[in-house]
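*Asks:* Using our numbering, read the sequence shown as starting at 20 and increasing by one per residue.
Got a structure for you, questions after.
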Amino acid sequence: MRIALYGLGYVGSVTAAMLAKAGHAVTGIDINPVKVDLINKGESPVNEPYLAELIRDQVIHGRLTAIKRDENGCNSDAIFICVGTPSRNDGALDDSQVRQVVEEILANRSKSDDPLIVFNRSTCLPDTHLWANRVFKDNSDLNANYVVHPEFLREGSALSDFQSPPLLLFGTEDKTLDLESLSKEFYPNTCLPIHNVGIVEASIAKYASNAFHAAKITFANEIGSICNIVGADARSVMEILCADNVLNISQAYLRPGMPYGGSCLPKDVKALVNFATKAKTNPEMLNSLDLSNDQQVQSLCSRILAKNPTSVAFLGISFKEGTDDLRGSPLVVIARTLIDEGVNVQVYDPNIHIEKFTGVNLAFLHSMIPELQHMSLDNLPEAISGSEIVILGHRNLLPELREHGTRRSSVIIDLVGICEDDIRLLGDVEGLYW
Ligand SMILES: NC(=O)c1ccc[n+]([C@@H]2O[C@H](COP(=O)([O-])OP(=O)(O)OC[C@H]3O[C@@H](n4cnc5c(N)ncnc54)[C@H](O)[C@@H]3O)[C@@H](O)[C@H]2O)c1
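Right under this line is the structure:
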């Protein structure tokens, strides 16, 4: 393929050289004449292991060249955008380089019957991508398709990361593009499956990945600070944590859904933060967990109250399904808030047998939601009858809900993530974050 690539920085130099190595004719474009000259001399504009040798080979073989402006009118089958997207002073994304490149492509490329695919590898928020996608759609005579293609390479291991990426992610509106075949042309040495999603999802997935990496590092370092207080070896502690591939290093707890609760997570996070704070170590991230979790509960309450319901049914009230433990249950907090706002609450939770409650669970019931004794119903149809809102808090109650349906006028707020078939069957379903 003939490929034009904008931006010969850390990402662009590697991408240009690796695409040339894969057999494509690559023209790098950069407004910085020094970088252009370096490439044409067969030298690397950035310091990255093995990149200088690779660039030299590709230039010698005539597969890689560089120019300052694309005066050729983007005489290419594909364009890669790899320009910078730095932060502005206030932290906002500065997407001016991307916008400038898109304008340049429009100005340079004339009407064509040959299809063009524009892959944007620069990290941008959805607004920028949606704008660029719209620009290419509005200029349909360019015959161009816009694809968000986030980059996951790391400096220092960029060549091997490019060759074996952790993820092949594409975001596009046009589902007819054969991204599978294109991906094989760009990454011949990987057999990873591709993720072909919407523009917005691809954009946010890239940001979510980087935020997750930042969260992992900060978490490990906050645990490190706590280890220093007690003289524990943080590396050993984190090795133990990582040895658990069931609950720790796994997909567990990584599905958006109900805020956390129960008798352990809130109390143990609080204890750790309290201990560290008294020892003058301020674990800001750990400290923010409870605050963020509470905020999610509150925003769910506001969302329900905004519908001005007179009656709300809870399908599940304990902190998770399969237990009668009410302690720290976000569902109890939501029910409490609604009751205090004068909403009639009805509850169906087959695990709750209040007559059998003893000890701390009974004490929690009395302090948080003594009304539960009168609101608890022992069958689902009765609980949902007359309720404008049904809150599905426990997934194991879905079959019963499916069987009995809901009133036509009631909205189901789905906290557990039910599938499309169930949504079709149940009618008016609102997902929590989906
Ligand atoms: N550096 C990384 O490790 C990394 C990893 C993954 C993703 N990313 C993302 O990739 C993008 C590029 O990052 P980078 O570190 O390579 O940036 P960089 O600043 O090193 O390089 C950007 C290049 O674009 C050039 N440029 C600016 N405007 C131009 C224009 N109008 N035409 C042609 N060239 C132009 C600049 O001169 C510069 O050489 C960013 O969005 C970044 O967030 C970076």
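Yeah, the Cβ is synthetic: ideal placement off N, Cα and C, and Gly gets one too.
Every value quoted in this text rests on a predicted model; they were computed, and no experiment measured them.
Judging by CA-CA distance, which residue of Met394, Ser307 and Ile432 is the nearest neighbour of Ser321?
*Replies:* Considering only alpha carbons, the answer is Ile432.
*Asks:* Within this structure, are the beta carbons of Asn380 and Leu345 separated by less than 7 Å?
*Replies:* Yes.
*Asks:* Output needed for Thr329: all residues of its chain with C-beta closer than 8 Å, excluding positions within five of it in sequence on either side, in chain order.
*Replies:* Around Thr329: Val362, Asn363 and Glu407.
*Asks:* Taking buried to mean at least 16 other C-beta atoms within 10 Å of its own C-beta, is Phe231 buried or exposed?
*Replies:* Answer is exposed; the Cβ neighbour count stays below 16.
*Asks:* Determine the extent of the beta strand (DSSP E) in which Phe138 is found, giving its start and end residues.
*Replies:* Element bounds for Phe138: Leu135 to Asn139.
*Asks:* Is any heavy atom in ligand 1 found nearer than 6 Å to the beta carbon of Gly47?
*Replies:* Because no heavy atom of ligand 1 lies under 6 Å away, the Cβ of Gly47 does not count as near it: no.
*Asks:* Under 7 Å, do Ser95 and Ile22 count as touching if we go by C-beta distance?
*Replies:* In contact: Ser95 and Ile22 (Cβ atoms closer than 7 Å).
*Asks:* Quick one, which of Glu439, Ala41, Lys194 and Thr191 has its alpha-carbon nearest Phe181's?
*Replies:* Comparing Cα-Cα distances from Phe181 to each of Glu439, Ala41, Lys194 and Thr191, the minimum goes to Ala41.
*Asks:* Would you identify the three-state DSSP class for Gly361, choosing helix, strand or coil?
*Replies:* Coil at Gly361, not helix or strand.
*Asks:* Write down every uninterrupted run of the alpha helix (DSSP H) in the stretch 73–129 whose length is 4 residues or greater and which is fully enclosed by it, in chain order.
*Replies:* Listed in chain order, they are 115–127.
*Asks:* Report the three-state DSSP secondary structure of Arg414 (helix, strand or coil).
*Replies:* In the structure shown, Arg414 sits in a helix (DSSP, three-state: H, G or I).
*Asks:* Closer than 6 Å: is that where the CB of Gln116 sits relative to any heavy atom of ligand 1?
*Replies:* Under cutoff, so the answer is yes.
*Asks:* Cα separation between Asn59 and Val33?
*Replies:* When rounded, the distance between both Cα atoms is 15 Å.
*Asks:* Can you find a heavy atom of ligand 1 that lies under 6 Å from the Cβ of Ser141?
*Replies:* Yes, the beta carbon of Ser141 sits closer than 6 Å to at least one heavy atom of ligand 1.
*Asks:* Going by the C-beta, is Leu434 closer than 6 Å to any heavy atom of ligand 1?
*Replies:* Result no, Cβ not under 6 Å from ligand 1.
*Asks:* Out of Leu178, His385 and Arg140, point me to the one whose CA is closest to Tyr226's CA.
*Replies:* Measuring from the Cα of Tyr226, the nearest candidate turns out to be Arg140.
*Asks:* Taking the C-alpha atoms as reference points, what is the distance between Ala325 and Ile358?
*Replies:* Their backbone Cα atoms lie some 15 Å apart in a straight line.
*Asks:* For Arg173, which of helix, strand or coil comes out of DSSP?
*Replies:* Note: Arg173 maps to coil in three-state DSSP.
*Asks:* Please name the residue in Phe294, Leu350 and Gly190 whose C-alpha comes closest to that of Gln317.
*Replies:* Out of Phe294, Leu350 and Gly190, Leu350 has the C-alpha closest to the C-alpha of Gln317.
*Asks:* Taking the alpha carbon of Ala253 as the reference point, which residue from Leu260, Ala262, Ile259 and Gly243 has its own alpha carbon closest?
*Replies:* With distances taken between Cα atoms, Ala253 lies closest to Gly243.
*Asks:* Is DSSP giving Arg187 helix, strand or coil here?
*Replies:* Here residue 187 is Leu; the residue named in the question, Arg, does not match the sequence. Leu187: strand per DSSP, three-state reduction.
*Asks:* Give the DSSP bridge partners of Leu24, in chain order.
*Replies:* For Leu24, which the question treats as bridged, DSSP gives the partners Gly47 and Phe99.
*Asks:* Less than 6 Å separating the Cβ of Leu27 from some heavy atom of ligand 1?
*Replies:* For ligand 1, at least one heavy atom lies less than 6 Å from the Cβ of Leu27.
*Asks:* Could you check if Gly103 belongs to the surroundings of ligand 1, using beta carbon to heavy atom distance under 6 Å?
*Replies:* At least one heavy atom of ligand 1 is nearer than 6 Å to the Cβ of Gly103, so yes.
*Asks:* For Leu392, which residues from the same chain have a beta carbon less than 7 Å from its beta carbon, with the 5 sequence-adjacent residues on both sides left out?
*Replies:* The residue asked about is misnamed: residue 392 is Gln in this sequence, not Leu. The answer, listed in chain order, is Ile373.
*Asks:* May I ask you to report which of helix, strand or coil DSSP gives Ile213?
*Replies:* The answer is strand: DSSP assigns Ile213 an E or B state.
*Asks:* Among Asp132, Phe138, Glu122 and Ser129, which residue has its Cα nearest to the Cα of Leu38?
*Replies:* With distances taken between Cα atoms, Leu38 lies closest to Phe138.
*Asks:* Any heavy atom of ligand 1 within a distance shorter than 6 Å of the CB on Asn59?
*Replies:* No; taking the cut-off as 6 Å, the Cβ of Asn59 has no heavy atom of ligand 1 nearer than that.
*Asks:* Distance check for Glu170 and Ser282, CA to CA, integer angstroms please.
*Replies:* Distance between the alpha carbons of Ser282 and Glu170: 41 Å.
*Asks:* Once DSSP output is grouped into helix, strand and coil, what is the label at Leu334?
*Replies:* Strand at Leu334.
*Asks:* Under the criterion of a Cβ to heavy atom distance below 6 Å, does Gln119 qualify as lining ligand 1?
*Replies:* Gln119 Cβ: within cutoff of ligand 1.
*Asks:* Contact between the stretch 79–90 and the stretch 43–57: three or more CB pairs below 8 Å?
*Replies:* Flag = yes, the stretch 79–90 and the stretch 43–57 touch.
*Asks:* Is there at least one non-hydrogen atom of ligand 1 closer than 6 Å to the beta-carbon of Glu90?
*Replies:* Not under cutoff, so the answer is no.
*Asks:* From Leu112 to Val120, what does the alpha carbon distance come to, in whole angstroms?
*Replies:* The straight-line gap from Cα to Cα measures roughly 16 Å.
*Asks:* Considering only their Cβ atoms, is the gap separating Asn164 from Asp193 smaller than 7 Å?
*Replies:* Yes, the Cβ-Cβ distance between Asp193 and Asn164 is below 7 Å.
*Asks:* What are the complete alpha helix (DSSP H) segments, minimum 4 residues, inside the stretch 195–263?
*Replies:* For the stretch 195–263, whole alpha helix (DSSP H) runs of length 4 or above, ordered along the chain, are 198–205, 218–249 and 253–262.
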